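Okay, so here's the structure we're looking at.
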Amino acid sequence: MTNGRKTTYKERTDIVAFCISNNDDYQATADKCKVSYQQVYTWVMKI
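Numbering (full-length UniProt numbering), first residue to last: 1 to 47.
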């Protein structure tokens with residue numbers, strides 16, 4: 001599991017867009033962007 005890191009608003013929106021475009025594959029997105037699975041999931045759910 002990757003510890004969270006500081007991200008900018010722009011990075012978060014890019015990460016969410018990437019996740020959605022990959023059929024909501026949270027784990028692949030978390031691994032690619034070096035953030036936690038839970039953080040990706042939370043950002044996507046806030047949309």
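Using N, Cα and C, we set each Cβ at its ideal position, and we do this for glycine too. Since we're looking at a predicted model, the values are computed, not measured.
query: Within this structure, are the beta carbons of residue 9 and residue 26 separated by less than 8 angstroms?; result: no
query: Around the C-beta of residue 47, are 16 or more other C-beta atoms found within 10 angstroms, so that it is buried, or is it exposed?; result: exposed
query: Got a sec: does the ligand ZN put a non-hydrogen atom nearer than 7 angstroms to the Cβ of residue 35?; result: The ligand ZN is absent from the structure shown, which contains no ligand whatsoever.
query: Would you grab the beta carbon distance between residue 44 and residue 14 for me? Rounded to a whole angstrom, and I think it's under 8 angstroms.; result: In fact, because the Cβ distance is near 12 angstroms, the residues do not count as touching under 8 angstroms.
query: Rounded to whole angstroms, what's the CA-CA distance from residue 34 to residue 5? Just pull it up for me.; result: 8 angstroms
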